[in-house]
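Participant: Sending over a structure as structure tokens; questions will come in a sec.
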Amino acid sequence: MRKIIHVDMDAFFASVEQHDNPKLKGKPVIVGGLSGRGVVSTCSYEARKYGIHSAMPMYMAKSLCPNGVFLPVRFQRYREVSKKVFDILYEVTDIVEPLSIDEAYLDVTDIDKNPEDIAKEIKEKVYMTTGLTVSAGVSYNKFLAKIASDWNKPDGLMVITEDMVPDILRPLSVSKVYGIGEKSSERLKKIGIEKVDDLLKLSEEELINIFGKYGKEIYDRIRGIDLKPVETYRETKSIGKETTLKKDTDDIDLLTKYLEGFSRTISLELKKEKLYCRTVTVKIKTWNFTVHTKSRTLNEYIDSPDDIYNVASSILKESNISQPVRLIGLSVSNLSTNSIKQLSLFDSEIRKNIKIDKIVYEVNKKLGGYFVKKGSDI
Amino acid sequence: MKFSCDKISLLNAVNKVIKGVTPRTTLPILQGILLTAKDNKLVMYSTDMEIGIECKVDAEIVEEGSIVVSSKVFSDLVRKLPEDTIYFTTDQDYIVNIKCGLSEFTISGNSSEEFPDIPEVLKEITFSINQNVLKEMIKMTSFCVAQDMTRPVLTGILMEINKNTINMVALDGYRMAIKKYISEDLLLKRFDDFSVVIPGTTANELVRIMEDNDDNVYVSFTGNQILFEINDTKVISKLLDGNYMNYKAVIPKDFKSIVIIEKDDLIGAIDRASLLASNKSNLIKFTFNEKELIISSNSEKGKMSERVNIDIEGNLIEIAFNSRYLLEALRVIDSEKIKMNMINSINPMIITPVEDDDYLYMVLPVKLNG
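So the sequence lines, in the order shown, correspond to chains D and Y.
Residue numbering for the first sequence follows my numbering, beginning at 143 and increasing consecutively.
Residue numbering for the second sequence follows my numbering, beginning at 934 and increasing consecutively.
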């Protein structure tokens, strides 16, 4: 039997703000994009009482809680704090799978200690070092550990043992089950399945009918079987950037400008990671919050801002935007460290090269000898 | 409408016209062929709105008229009729009666009202060219047209006419082919230089329609249309809009490494190297020494290398290519030896036939790690 711990910082961004400015303690603190069109990243537990939750449009949060403290996102600071927390986790074991800036799995199977004690130690150390609370869940697989850490947030600690499964899961909403997203829960709701209890009544075949090949995984998961290992190295699968616009727009030129900027940022990131991408995806959220994504996979790997931009802008053109756009995003995936690249006449570098070679050739021809050389030839 | 004609000539014409019918169309009428009986000719016409193909057959007209028949049914039927005279009548309900020998068919047709008219191409500019020459020029370039619509104009072949020279150019960014033809007797109605871009699909249809003889093709243009006339057959097509790339500006001139090699040896070696190249990139590598080109490839399937004798002048370089881009060009070149002109591993390579100054193929290499 494995021993897995899931740790999840409580209202991380908001807690950091409350810690850095003690006057905010006990107050509803909402962190996120403040432009009025931004969305909530995190809010304190005080704010949650007003019905605010992450990903909610900021204007909605403001109307629900006009007296709240609204703060911009300070990524730099949160990263600093996050690093301290992860340092503590890595002291416990090397088998840490970071899920995000404030969440991770640890596999402590090989540590000769009670996992609950390990979790307690982590909680104490995090509090001592950062002044922040973290919730921890202990169980024998990743799915159950995560369910456990969520059990009595904030500052919670919960252990789920084999004998508690599946009864403990019965009252949970199906959306808590890893692999069942928003759309699937809606679909299940339509056929009268809202709780894990309802889901347990379905046979494996029925689940496969609903979820396809993942049906079997879900069937097993709600019965306490989840063999996914804690992966210490999470491969970067995609790199992306998106923004909520200051104002809804259907101005293609303006949207294209955003894609140009994103292409530059993404290209820098790719170059930093020495990666190349083959798939480019443009995401658009229209004024009524409908999300459209459109991808194109190329025959070759690219990393330059121009190449990414050219693909992205042609995707945008083809998507025939007819409604005002609220959010635009660009991401690249199908990443590889392999840079085998079919050169093209449309690579700006190639054209520059050819042009320089021609100038050198023409000058030398006029001078009647090999006088002018390119730097690369010397 | 009432006429009769000979089966063989009708079948020849049907086989040409059917190439203008697209199986996928939003306008069902376009799956038909328009038949018009007039002035002792049966005129057949098909179009997909981009290309139109018209073919005339001698016929004995009893009553003039026109009708649209299903291309599939009509062509199958004509193909299988005995070799005899075909008698053709239609009534006001668009019912078509076909008699040939002892067989008689009745099929339903459609009114010709809904069928697009055959466009009139004003013959502003006209020249003529031997159809075998034109066929060769298209075959040597059309494989380079762009397959994706990122730059629509590159899905066509550029045709430049300059006094007595015709240049055909196709490029997709990864490679480019230029075929030149110099003639003393291009019958030009107008003598200004001009250029048009012919859709790649039109060019390929044309190759299939042209016969294997030295008859001339008469080519005419107006603003956005081109017309090819070969005896009793006409191909009318839209031209592509947009400015073609300034292709001359990207042809390098100053080469650091010039290699002469037997074409068939090279094709054989590249073909074998492709067997073990990865499916996606078809990556093969060229390494030169003083007397040999070493072609190699490796992938999860295995690895191979092969040596080919060469004459080389200049630097001994390493360069990699998509093998498909080399094979497609080498297969259309009719010359025992070819010349490969290179600069380094990241600049275009130019291939020219040793015995033909009128063809140039440029291919960009694959850049390896780093």
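The C-beta atom is built at its ideal place from N, Cα and C for all residues, glycine as well.
Near residue 364 of chain D, what residues of its chain come up, given a Cβ to Cβ distance below 7 Å and the 5 sequence neighbours on each side ignored?
Facilitator: Excluding sequence neighbours, residue 364 of chain D sits near 308, 311, 319, 338, 341, 342.
Participant: Using a cut-off of 9 Å between C-beta atoms, extract the partners of residue 1083 of chain Y located in chain D.
Facilitator: Residues of chain D passing the Cβ test: 452, 453, 456, 488.
Participant: Should residue 499 of chain D be flagged as near chain Y, meaning a C-beta pair shorter than 7 Å?
Facilitator: It does: the Cβ of residue 499 of chain D has a partner Cβ on chain Y nearer than 7 Å.
Participant: For residue 1004 of chain Y, which three-state DSSP category applies?
Facilitator: Residue state, collapsed to three classes: helix.
Participant: DSSP three-state call for residue 1240 of chain Y: helix, strand or coil?
Facilitator: Residue state, collapsed to three classes: strand.
Participant: Once DSSP output is grouped into helix, strand and coil, what is the label at residue 365 of chain D?
Facilitator: The answer is coil: DSSP assigns residue 365 of chain D none of H, G, I, E or B.
Participant: Report the three-state DSSP secondary structure of residue 445 of chain D (helix, strand or coil).
Facilitator: Looking at residue 445 of chain D - three-state DSSP - the assignment turns out to be coil, as it is neither helix nor strand.
Participant: What does residue 1280 of chain Y reach in chain D if we use C-beta pairs closer than 9 Å?
Facilitator: 485, 492, 495, 496, 499, listed in chain order.
Participant: Which residue marks the beginning of the alpha helix (DSSP H) containing residue 397 of chain D, and which one marks its end?
Facilitator: That run of the alpha helix (DSSP H) goes 394-414.
Participant: Is there a C-beta anywhere in chain Y that falls below 7 Å from the one on residue 112 of chain D?
Facilitator: A query on residue 112 of chain D cannot be resolved here, the shown segment of chain D reaching from 143 to 520 and no further.
Participant: In whole angstroms, what is the alpha-carbon distance linking residue 348 of chain D and residue 332 of chain D?
Facilitator: About 15 Å.
Participant: Would you grab the beta carbon distance between residue 1029 of chain Y and residue 1039 of chain Y for me? Rounded to a whole angstrom, and I think it's under 8 Å.
Facilitator: With 8 Å as the limit, residue 1029 of chain Y and residue 1039 of chain Y qualify as a contact, their Cβ atoms being about 7 Å apart.
Participant: Tell me which same chain residues have a C-beta within less than 8 Å of the C-beta of residue 1303 of chain Y, skipping the five on either side of it?
Facilitator: Its pLDDT being 48, under 50, residue 1303 of chain Y is placed unreliably by the model, and nothing is read from it.
Participant: Who are the Cβ neighbours of residue 271 of chain D in its own chain at under 7 Å, not counting the five residues just before and after it?
Facilitator: Here the set comprises 226, 230.
Participant: May I ask you to report which of helix, strand or coil DSSP gives residue 202 of chain D?
Facilitator: DSSP places residue 202 of chain D in helix when its eight states are reduced to three.
Participant: Do you know offhand how far residue 934 of chain Y's Cα is from residue 967 of chain Y's?
Facilitator: Whole-angstrom Cα-Cα distance: 13 Å.
Participant: Bridge partners of residue 1158 of chain Y, per DSSP?
Facilitator: In the DSSP output, where bridge partners are listed per residue, residue 1158 of chain Y has Y:1155, Y:1171.
Participant: Three or more C-beta pairs under 8 Å: does that hold for the segment 1235-1251 of chain Y against the segment 1083-1097 of chain Y?
Facilitator: Short answer: they don't touch.
Participant: Pick out the complete beta strand (DSSP E) segments inside the segment 1004-1084 of chain Y, 3 residues or longer, and give them in chain order.
Facilitator: Taking only runs of at least 3 residues, the beta strand (DSSP E) segments lying wholly in the segment 1004-1084 of chain Y are 1018-1023, 1028-1033, 1036-1041, 1058-1063.
Participant: Give the interface partners of residue 1107 of chain Y over in chain D, defined as CB-CB distance under 7 Å, in chain order.
Facilitator: Ordered by position in chain D, the residues that pass the 7 Å Cβ test against residue 1107 of chain Y are 484, 486.
Participant: My guess is that residue 990 of chain Y and residue 965 of chain Y are in contact by the Cβ rule of under 8 Å, so how many angstroms apart are they, rounded?
Facilitator: So it is not a contact: roughly 17 Å between Cβ atoms.
Participant: Among all the DSSP beta bridges, which residues are the ones paired with residue 972 of chain Y?
Facilitator: Looking at the DSSP assignment, residue 972 of chain Y forms no beta bridge with any residue, so it has no partner.
Participant: Using the three-state DSSP reduction, which class does residue 499 of chain D fall into: helix, strand or coil?
Facilitator: Of the three classes helix, strand and coil, the one that applies to residue 499 of chain D here is helix, per DSSP.
Participant: Taking residue 1255 of chain Y as the query, report the chain D residues whose CB atoms sit under 7 Å from its CB, ordered along the chain.
Facilitator: Near residue 1255 of chain Y (Cβ distances below 7 Å), the residues of chain D are 484.
Participant: Taking contact to mean at least 3 C-beta pairs separated by less than 8 Å, is the segment 971-989 of chain Y in contact with the segment 482-490 of chain D?
Facilitator: The segment 971-989 of chain Y is not in contact with the segment 482-490 of chain D.
Participant: List, in order along the chain, the chain D residues whose C-beta lies closer than 9 Å to that of residue 1104 of chain Y?
Facilitator: Those are 487, listed as they occur along chain D.
Participant: Any C-beta of chain Y sitting closer than 7 Å to the C-beta of residue 247 of chain D?
Facilitator: So, not an interface residue.
Participant: Rounded to whole angstroms, what is the Cα-Cα separation between residue 168 of chain D and residue 482 of chain D?
Facilitator: Cα to Cα, the separation comes out at about 56 Å.
Participant: Could you tell me the boundaries of the beta strand (DSSP E) in which residue 224 of chain D lies?
Facilitator: Careful: residue 224 of chain D lies outside any beta strand (DSSP E), inside the alpha helix (DSSP H) at 217-234.
Participant: Measure the beta-carbon distance from residue 1113 of chain Y to residue 1291 of chain Y and round it to whole angstroms, keeping in mind my assumption that it falls under 8 Å.
Facilitator: Sure, about 4 Å apart at Cβ, within 8 Å.
Participant: Using CA atoms only, rank isn't needed, just tell me which of D:456, D:249, D:361, D:146 is closest to residue 472 of chain D.
Facilitator: Ranking D:456, D:249, D:361, D:146 by Cα distance to residue 472 of chain D puts D:456 first.
Participant: Given a cut-off of 7 Å on the beta-carbon distance, is the pair residue 1191 of chain Y and residue 1274 of chain Y in contact?
Facilitator: For residue 1191 of chain Y and residue 1274 of chain Y, yes; Cβs fall inside 7 Å.
Participant: Would you mind reading off the limits of the beta strand (DSSP E) that contains residue 996 of chain Y?
Facilitator: Residues 993-996.
Participant: Could you name the residues of the same chain whose beta carbon sits closer than 6 Å to that of residue 1297 of chain Y, not counting the 5 residues immediately before and after it, in chain order?
Facilitator: Once the five neighbours on either side are set aside, the close Cβ partners of residue 1297 of chain Y are 1107, 1281.
Participant: Check residue 934 of chain Y in the structure and name its three-state DSSP category.
Facilitator: Correct three-state label for residue 934 of chain Y: coil.
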